[in-house]
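Chemist: No gaps in the numbering here: position 134 of the sequence shown is 134 in full-length UniProt numbering, and each next residue is one more. Using N, Cα and C, we set each Cβ at its ideal position, and we do this for glycine too. Just so you know, these numbers come straight off a predicted model, no measurement behind them. Below are the structure tokens for one structure; questions will follow.
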Amino acid sequence: MTKNGHSNAAYVGDHADKLELAEKGQKNKAIVAKDPDYNPYHHRDVEHPTTNSETLFHLLKGSLGTGILAMPNAFRNSGYVTGAIGTIVIGFICTFCIHQLIKAQYELCRRKKVVNTFLLIYQLGTCCVYVVFVASNIKAIVDAVADTNIDVRLCMIIILLPLILINWVRNLKYLAPFSTLANAITMVSFGIICYYIFREPVTTEGKDAFGKPSNFPLFFGTVLNSAAAVESSTYPMVLIVFLYVGMGLFGYLNYGSAVLGSITLNMPEHEVLSMCVKGMLAFAIYITHGLACYVAIDITWNDYVAKRLGAQRNVLFWEYAVRTILVLMTFLLAVAIPNLELFISLFGALCLSALGLAFPALIQICTHWYQTKGIGKAWLVLSNFVLIIVGILGLVIGTYTSLKEIVLTFSE
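Take a look at the structure:
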């Protein structure tokens with residue numbers, strides 16, 4: 001037993017008197033560091049690490065998902081002027097918060113374990129959106145080919161087994177080739193979508209420059225859900241934000257008030273090229289479900305389940321059980337709310353208002369409270385307090401508006 005109460009402690013590098021490795025589960029180790037020169041990235045033990053190129057493909061696939069395809073619907077709620085300005089502002093705010101969260105997480109990893117519950121909720125909610133998106137696009141293809149109108153929930157049941165199987169992949173390296181293929185498919189699909197948007201003259205006639213204030217919370221939730229995928233580095237952030245603005249602006253100017261939760265659903269129903277795009281994007285987002293749920297599975301298994309099982313022979317069985325249960329959770333929630341546009345808005349307002357704005361600001365204050373003084377502390381409190389207020393208002397008003405729209409939609 002060491003002086004800090006751990007029975008299995010080892011000391012690291014030149015700072016043996018200040019660093020401690022504590023046993024966590026069977027293989028995972030958490031480091032409690034007190035040395036200012038400690039770098040948590042130097043002590044990561046990844047069993048099957050991905051290469052830089054594989055990681056890049058995963059990041060690209062995670063950033064270009066359902067959010068950008070829902071941007072025209074967001075502009076329908078805000079108007080094209082308010083939407084363009086609002087998307088840029090929200091994009092920069094989200095990027096700032098992500099940057100602050102990364103800095104705070106890096107600092108907190110030097111001292112204590114960082115709680116990952118907020119990330120778990122975020123990833124599971126994203127997976128729910130993916131289920132609705134894939135099922136909705138499959139439904140559109142089947143309806144066009146068979147000249148019928150099947151229930152989108154039936155399509156969700158059809159894709160349930162493939163969703164479970166892809167989430168049984170225990171190593172990101174095995175998903176990397178699929179991410180590469182999905183990225184290529186996504187880029188080709190975006191090109192075809194742009195063809196459909198610009199093949200007819202785009203006009204502002206009959207389009208609202210400024211939407212109704214009552215619909216702005218829906219816009220806020222949708223854009224927040226989309227902007228959460230923006231990276232913290234400056235140039236990718238600028239590129240992706242303006243890509244979102246372009247897709248939202250021109251998609252809305254083309255389809256107007258008829259735009260749906262995903263712009264793919266507005267494309268011609270019976271054209272072969274249109275159906276190919278829907279099928280390709282459904283496959284690409286199916287791959288992305290495996291990436292998003294991988295994070296949720298990793299957190300659930302390593303932080304909550306594995307350490308409670310102890311040394312058991314059937315650990316692998318329980319891991320697959322956890323993977324299956326999490327997929328079923330996303331499936332059941334998607335079945336409960338099979339409306340893509342309302343689901344995206346609700347998820348953005350409910351989860352990301354607090355977890356993407358307020359929570360990073362709160363962590364930033366707690367992390368750097370004792371490290372700043374004078375004007376620096378005043379700016380720390382003021383800037384993050386504004387973000388907390390915006391996050392809380394977005395959470396309350398956005399969630400209320402989204403739930404109200406859901407009730408109205410399903411009561412008709």
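1) Does the separation of the CB atoms of T87 and Y244 fall below 7 Å?
2) Going by the beta-carbon positions, is the gap between S262 and P268 smaller than 7 Å?
3) With burial defined as no fewer than 16 other Cβ atoms inside 10 Å of the residue's Cβ, what is the status of S411: buried or exposed?
4) Rounded to the nearest angstrom, what separates F385 and K373 at their Cα positions?
5) For M71 and L326, what's the separation of their Cα atoms in angstroms?
6) Beta-carbon within less than 7 Å of D298's beta-carbon, same chain only, minus the 5 sequence neighbours each way: which residues are those?
7) Write down every uninterrupted run of the alpha helix (DSSP H) in the stretch 327-394 whose length is 4 residues or greater and which is fully enclosed by it, in chain order.
8) Quick check on residue 423: does DSSP put it in helix, strand or coil?
9) Quick one: residues in its chain with C-beta nearer than 6 Å to the C-beta of D14, no 5 flanking neighbours on either side, listed in chain order?
10) May I ask you to report which of helix, strand or coil DSSP gives W168?
11) Could you say which of F92, T95, Q100, V134 lies nearest to L69 if we only look at CA atoms?
12) Looking at A334 and C128, is the spacing between their C-beta atoms short of 7 Å?
13) Hey, out of T399, P177, V272, L346, whose CA is closest to L291's CA?
14) With the cut-off set at 7 Å, would you say G398 and G221 are in Cβ contact?
15) Between which residues of its own chain and I197 is the CB-CB distance below 7 Å, once the five residues before and five after are set aside?
16) How many angstroms separate the CA atom of G391 from the CA atom of S345?
17) Determine the DSSP secondary structure at F317, reduced to helix, strand or coil.
18) Between G394 and R313, what straight-line distance do the alpha-carbon atoms span, to the nearest angstrom?
19) May I have the straight-line CA-CA distance separating W369 from V381, to the nearest angstrom?
20) What's the C-alpha gap between A306 and V315?
21) From the DSSP output, in three-state form, read off P72 for me.
22) Could you give the distance in angstroms between the alpha-carbon of N171 and the alpha-carbon of I164?
23) Counting only the same chain and skipping the five closest in sequence on each side, list residues whose C-beta sits under 7 Å from that of R76.
24) Pull up the distance between the alpha-carbon of D35 and that of L119, whole angstroms please.
25) List the endpoints of the continuous alpha helix (DSSP H) containing I299.
26) Using only alpha-carbon positions, find the residue among L309, I141, V223 that is nearest to E271.
27) Throw me the rounded Cβ distance for the L352 and L387 pair, which I believe falls under 8 Å.
28) Let me know the alpha helix (DSSP H) ranges lying completely inside the stretch 231-270, each 4 residues or longer, listed in chain order.
29) Let me make sure I understand the geometry here. Which of L328, I363, G91, T95 has the alpha-carbon closest to that of C293?
30) Kindly indicate which three-state DSSP category R199 falls into: helix, strand or coil?
31) Alpha carbon to alpha carbon, how far is V132 from P338?
32) By how many angstroms is the C-alpha of G67 removed from the C-alpha of V145?
33) From residue 449 to Y304, what does the alpha carbon distance come to, in whole angstroms?
34) Using beta carbons (cut-off 7 Å, strictly below), is M71 in contact with chain B?
Modeler: Here's the rundown:
1) yes
2) no
3) exposed
4) 17 Å
5) 28 Å
6) none
7) 340-347, 359-368
8) The question about residue 423 has no answer, for the chain in this structure spans 1 to 412.
9) Note on D14: pLDDT 34, under 50, position unreliable in the model; the coordinate value appears next. Cβ within range, chain order: n/a, list empty.
10) coil
11) V134
12) yes
13) P177
14) yes
15) F250, G251, N254
16) 14 Å
17) helix
18) 47 Å
19) 9 Å
20) 8 Å
21) helix
22) 15 Å
23) Y252, S257, V259
24) Low confidence applies here, because D35 scores a pLDDT of 48, under 50, leaving its location unreliable; read the following figure in that light. D35 and L119: Cα-Cα distance of roughly 27 Å.
25) 272-299
26) I141
27) Not a contact, Cβ separation roughly 12 Å.
28) 234-255
29) L328
30) coil
31) 6 Å
32) 27 Å
33) For the chain, the structure presents residues 1 to 412; residue 449 sits outside this window and is missing.
34) This model lacks chain B altogether; it includes just one protein chain.
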